[in-house]
Structures are given as structure tokens and as C-alpha cells.
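Report on the structure given below.
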Amino acid sequence: MQNKVIDYTQYIDQVRQTIKEVTCEEYVKMPEKYPILVDVREADECQSGVLPGALLIPRGLLEAKLSGLAICANKADPTARLAQQNILLYCRSGARSALAAESLLHMGFKQVSSLAGGTLRWRELGYELSSDDN
């Protein structure tokens, strides 16, 4: 069987078929449904603002840093409690957060979602970003 090489956009489209995406409108209506909100952008990208309450864990460090969250502290199996929480990931466009969600699903997390459209869509809808540093 010959494998067809696909481009980044096609790959992201495939990944989006395997994960749950949450629209900005859905998140705004029920932010409490997602107690863990993670911005997977790089730190310099966050200078333009973050979603209120978000934790910054850049995409390249997510898998390694996730178990360091306070929710994991003092547990024999640090990620067991975290795996039970709804986690919402976001980035600028929704592509990196989709890849991050797929990765966490492969690690065994069951309740991981990506914010569809990322901060671009968030701003397009007129929602504000916080200037708070996280």
C-alpha cells in the first residue's frame, strides 16, 4: 500500500475528525464545564492577550508539563485526577490545539477538547482577551 503525502491543512482536517471541538459560543455559555483551560501558544504570542483564567503551557511542552498542574499535586498517580477533568485547549487558529488534543487523547485523557477557531475566532466574535500574565 502506497502512502499519500498530505499537507498540513489536510492533516489538521483529519485530526479534527478524531477530536472534540468546542465553539467559542459554546464555551462562553458554559465556561465552568471546562475547569482546565490551557493556552498552547508560545509565550510571546500571549502578549496579544489570553482567555480569562487560562494556563500557558506551550504546545511543545504540553505532554511533559501537564502533570505539573496543581490539580495533580500529592497524588500517587498524578495524572489520574487530571484525566477525569474536562480540559479545553486553544491556540491562535485551533490547529495546534487540535494536535495537542489528539496527543492527550493518545495519552489516555478522555475529556479533552479544542477551541474551534482559536483566538482568531474568539476576537472575530467580539469577545475580549485578558492582558493578565499566566
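Residue numbering for the sequence shown follows the UniProt record's numbering, beginning at 1 and increasing consecutively. For glycine and all other residues, C-beta sits at the position ideal for the given N, C-alpha and C.
**Asked** What did DSSP end up calling glutamate 128 once you bin it into helix, strand or coil?
**Response** Counting from one through the sequence shown, the residue named residue 128 turns up at place 128. Here glutamate 128 sits in coil by DSSP.
**Message:** Can you give me the C-alpha to C-alpha distance between leucine 62 and arginine 96, rounded to a whole angstrom?
**Reply:** The residue you call residue 62 lines up with position 62 of the sequence shown. The residue you call residue 96 lines up with position 96 of the sequence shown. Answer to the nearest angstrom: the Cα atoms are 11 Å apart.
**Item:** Check whether leucine 125 and cysteine 24 have beta carbons under 7 Å apart
**Value:** As a first step, residue 125 is located in the sequence shown; it is residue number 125 there, counting from the start. As a first step, residue 24 is located in the sequence shown; it is residue number 24 there, counting from the start. Yes; because the gap between Cβ atoms is below 7 Å, this pair is in contact.
**Message:** Quick test of the definition: if touching needs 3 or more C-beta pairs under 8 Å, does the segment 100-108 touch the segment 22-36?
**Reply:** no
**Prompt:** What residue from Ser113, Gly118, Leu99, Arg92 has the CA that sits closest to asparagine 86's CA?
**Reply:** Working through the sequence shown from its first residue, we reach residue 86 at position 86. With distances taken between Cα atoms, asparagine 86 lies closest to Ser113.
**Request:** Measure the Cβ-Cβ separation of leucine 66 and glycine 53 and say whether it is below 7 Å.
**Result:** Along the sequence shown, one-based indexing puts residue 66 at 66. Along the sequence shown, one-based indexing puts residue 53 at 53. Result no, Cβ atoms of leucine 66 and glycine 53 do not sit closer than 7 Å.
**Asked** Is the beta carbon of alanine 98 less than 7 Å from the beta carbon of valine 28?
**Response** Indexing the sequence shown from 1 puts residue 98 at position 98. Indexing the sequence shown from 1 puts residue 28 at position 28. In this structure, valine 28 does not lie closer than 7 Å to alanine 98 by Cβ.
**Item:** beta strand (DSSP E) segment containing valine 28, residue limits
**Value:** Mapped onto the sequence shown, residue 28 falls at position 28. Where valine 28 is concerned, there is no enclosing beta strand (DSSP E), although the alpha helix (DSSP H) it sits in stretches over 24-29.
**Asked** Between Tyr127, Ala100, Leu120, which lies nearest to isoleucine 12 when the distance is taken from Cα to Cα?
**Response** One-based indexing of the sequence shown puts residue 12 at position 12. Answer by Cα proximity: Ala100.
**Asked** If we call anything under 7 Å between Cβ atoms a contact, is cysteine 91 one with arginine 41?
**Response** The residue labelled residue 91 in the question sits at position 91 within the sequence shown. The residue labelled residue 41 in the question sits at position 41 within the sequence shown. Against a cut-off of 7 Å, the Cβ pair of arginine 41 and cysteine 91 comes out as a contact.
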